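These protein sequence lines are chains A and B, in that order. Just so you know, we're using this note's numbering here: the first sequence kicks off at -4 and counts up by one. Just so you know, we're using this note's numbering here: the second sequence kicks off at -4 and counts up by one. One structure below.
Number of protein chains: 2
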Amino acid sequence: MELRHLRYFVTVAEELHFGRAAKRLYIAQPPLSQQIQQLEEELEVLLFKRSHRRVELTDAGQAFLGEAYKILDQVEQAKLLAQRTARGEIGKLALGFVSSTAFELLPRLLYAYREQYPQIHVSLHEMEKDQQIAALFARQIQVGLLRPDVDSSELCSEIILREPLLLALPSQHPLVSKDQISIHDLVHETFVLQPRHWALGLYDHVMKLCHSADFSPNVKQEAADTYLLIGLVAAKMGISLVPASVQSLHSQGVVYRRLEGDTTQIETAMVWRRDDDSPVVEAFLNLAQQETF
Amino acid sequence: MELRHLRYFVTVAEELHFGRAAKRLYIAQPPLSQQIQQLEEELEVLLFKRSHRRVELTDAGQAFLGEAYKILDQVEQAKLLAQRTARGEIGKLALGFVSSTAFELLPRLLYAYREQYPQIHVSLHEMEKDQQIAALFARQIQVGLLRPDVDSSELCSEIILREPLLLALPSQHPLVSKDQISIHDLVHETFVLQPRHWALGLYDHVMKLCHSADFSPNVKQEAADTYLLIGLVAAKMGISLVPASVQSLHSQGVVYRRLEGDTTQIETAMVWRRDDDSPVVEAFLNLAQQETF
DNA sequence: GCAAATGATATATAGGAAGTATCGCTAACG
DNA sequence: CGTTAGCGATACTTCCTATATATCATTTGC
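Next up, the structure:
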């Protein structure tokens, strides 16, 4: 049995007339009769009652007609599904992200993506950099958002955000009222920072900055979680240096200031498998590249 | 697109190897490659990622595979459905019957039929003879159970039950204790009968019988419904003559007796449209013929 | 009883699916 | 690093079969 048989059968069942059905199918009448006979032979069932004057469906033909419609419809659906899936309009996307992207970058990307591809189910997984890379290899996530660099020939990456460092201060801190704050003003401050193993790139940036002013920061407390970190600043445990996007985490008792003369750029990159040509991923990457800030 | 494409696609998807898939399909490898290419061309979608070393499904291929399985499965289902419908194993059967068949014949037929064709939905419609014939013409019922004769070239009929007449007596009636009861013993009795228009054949049989003993029955009360008729006998409104199968309607206060020397046979027939070749009807008729009593 | 209508049959044709031979690329191996 | 085995694609041929043409057989309506 081929779909041809079903298409022909449906048409004859609709016309109840071999001649008209053949015309509608743009074939001659004899081959149509033959194909219907073939179908009946394979099913071992008579689908039509033919008198030389009238054609009508048998009970079995009636039953088969309903199924035939369903099948032909499902074929169309399958075609559409494949095309949409290929265009990245349907599917699943697992994203890894470092916590610092959760305040600005990730929400913006997600919002834009959802708008354009509402049928994609996106799952979000907060992970630190190394975990993300492992998860990419294990195909647990398809795209990661993290701080560069990534060194692997099997992965691709692209920087999608560069942002300055900001100083986070308790709101009653004396420096708040100062016009311009330079890195040298921080020599005797106590710091609250994320642990090095947790936020490698950021940590090293901060260290480099302090060393450029010939001091090592006095780290009183470490906190991996960004919410907690800002909370500690508000609680006057110390000051901190954070990527600018953290600013959108408006926390009472914390103010943010640029550091005079600091040109540090904190970079955020997207990472994905080089061999991943999934259209879902491709669509996400394209969109993210356009949305670059 | 033809089912061939789906069958080939599914096999390649299962094997992830064109050579092995071709072997399983009993065709050579090149035509298989070509058919898959055709399919991809029609869908405008790549279904497989081919490196010269490995074949794997794309996302779209994965999605399409699920649909392809469903479609092929549904084709099998459709085939089965048509065959079963043709064999009369699936469908609907509307039966008309006169009330007197409801006690013995109809239950027995139904029981046997349901056992063999549990998937058929049977609907039952109590109607008198003329209504049944009209309903057969109107295709509201497919088979009728009634008293012959039926005179129409468009209908077929066959007698499936012959039964004697029984005398129904109130249990305290003097005739109950008599050894042999003859029709002549009934000359002075009062009768309860079904109206002539309602039970044509039966009524005429009773009249003929009485006239053979040179009297006309004294009909005190008529009752169309058989239950009511027997109830009236129990209430000593009179005696009645009924087909033997009514006996299975065991009613307190009523006893049944054969009439000595009476050879009357009450006949019940099945009637159906001559042009009805529905397998459901055919199966029912066959079974009823075998079950004849 | 003849003509029109309609589906089946017989035969011819052509379009395309399958077969054969071969190529091109990759990866594993000595 | 060249060689070889594996595997899918391509080129070309063959053969099957779906389609077309012509005709027949049967029914029905005038």
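Ideal Cβ positions, reconstructed from N, Cα and C, are used throughout, including at glycine. Because the structure is a prediction, the values reported are computed rather than measured.
Residue i versus residue j - alpha carbon distance
i               : j                : result
S148 of chain B : R269 of chain B  : 8 Å
Q137 of chain A : F279 of chain A  : 10 Å
V171 of chain A : L204 of chain A  : 20 Å
A23 of chain B  : E37 of chain B   : 22 Å
V5 of chain B   : G56 of chain B   : 10 Å
Y198 of chain A : T258 of chain A  : 16 Å
Q285 of chain A : L20 of chain B   : 47 Å
Q189 of chain B : Q32 of chain A   : 54 Å
H168 of chain B : S235 of chain B  : 12 Å
G226 of chain A : V275 of chain A  : 37 Å
L140 of chain A : A264 of chain A  : 6 Å
L75 of chain B  : M(-4) of chain A : 13 Å
M202 of chain B : R157 of chain B  : 18 Å
L101 of chain B : R109 of chain B  : 12 Å
M232 of chain B : T185 of chain B  : 8 Å
R289 of chain B : V237 of chain B  : The structure shown has nothing for residue 289 of chain B, since chain B only spans -4 to 288.
A73 of chain A  : K18 of chain A   : 28 Å
F132 of chain B : P25 of chain A   : 35 Å
R191 of chain A : Q111 of chain A  : 37 Å
G248 of chain B : A163 of chain B  : 10 Å
Proximal chain B residues relative to residue i, where beta-carbon distance stays under 7 Å
i               : result
K74 of chain A  : L38
P274 of chain A : D54
I115 of chain A : By Cβ distance, chain B contributes nothing, its closest Cβ being about 11 Å from I115 of chain A, past 7 Å.
Proximal residues of chain A, C-beta to C-beta of residue i below 7 Å
i                : result
M(-4) of chain B : L(-2), V70
Same chain only: Cβ atoms within 6 Å of residue i, ignoring 5 sequence neighbours per side
i               : result
C151 of chain B : W267, R269
V145 of chain B : S152, V266
R142 of chain B : G196
S246 of chain A : I225, A229
Contacts that residue i makes with chain B (C-beta to C-beta distance below 9 Å)
i              : result
E62 of chain A : Q69, V70, Q72, A73, K74, L76, A77
A58 of chain A : A73, L76, A77, R79, T80, A81, I85, G86
K65 of chain A : Q69, A73
Burial state of residue i (16 or more Cβ within 10 Å)
i               : result
K87 of chain A  : exposed
S94 of chain A  : buried
K173 of chain A : exposed
K215 of chain B : exposed
V228 of chain A : buried
E35 of chain B  : buried
E39 of chain A  : exposed
G14 of chain B  : exposed
P212 of chain A : buried
D272 of chain A : exposed
A230 of chain A : exposed
D209 of chain A : exposed
Contact set for residue i: own chain, Cβ-Cβ below 8 Å, skip 5 residues either direction
i               : result
L11 of chain A  : R49, V50, E51, L52
E121 of chain B : G91, F92, V93, S94, A97
R134 of chain B : R268
E107 of chain A : According to the sequence as given, residue 107 of chain A is Ala; it is not Glu. Around A107 of chain A: L282, E286.
D180 of chain B : L170, K173
Chain-ordered neighbours of residue i on chain B, where CB pairs are closer than 8 Å
i               : result
I225 of chain A : Correct list: empty, because the minimum Cβ distance to chain B is about 40 Å.
Beta-carbon contacts of residue i that lie in its chain and below 7 Å, excluding the five residues immediately before and after
i               : result
L1 of chain A   : A63, I66, L67
S177 of chain B : L254, E255, G256
W193 of chain B : E123, A219
A89 of chain B  : S118, H120, Q135, I136, Q137
Q30 of chain A  : R(-1), H0, Y3
E301 of chain B : Since the first residue shown for chain B is -4 and the last is 288, residue 301 of chain B is missing from the structure and cannot be characterised.
Short Cβ contact (9 Å threshold) for residue i with residue j
i               : j               : result
A290 of chain B : L42 of chain A  : Summary: the structure shown does not reach residue 290 of chain B, with chain B confined to residues -4 through 288, and so no result is reported for it.
T289 of chain B : A97 of chain A  : The structure shown does not extend to residue 289 of chain B, since chain B is modelled only from -4 through 288, so no value can be given for it.
I261 of chain B : H200 of chain B : yes
T221 of chain A : V241 of chain A : yes
A16 of chain B  : L60 of chain B  : no
P165 of chain B : A239 of chain B : no
G83 of chain B  : I115 of chain B : yes
V187 of chain B : L224 of chain B : yes
V69 of chain A  : Q126 of chain B : With the sequence shown as reference, residue 69 of chain A is identified as Gln, and Val is not the correct amino acid for it. Taking 9 Å as the Cβ cut-off, Q69 of chain A and Q126 of chain B do not qualify as a contacting pair.
S243 of chain B : E99 of chain B  : yes
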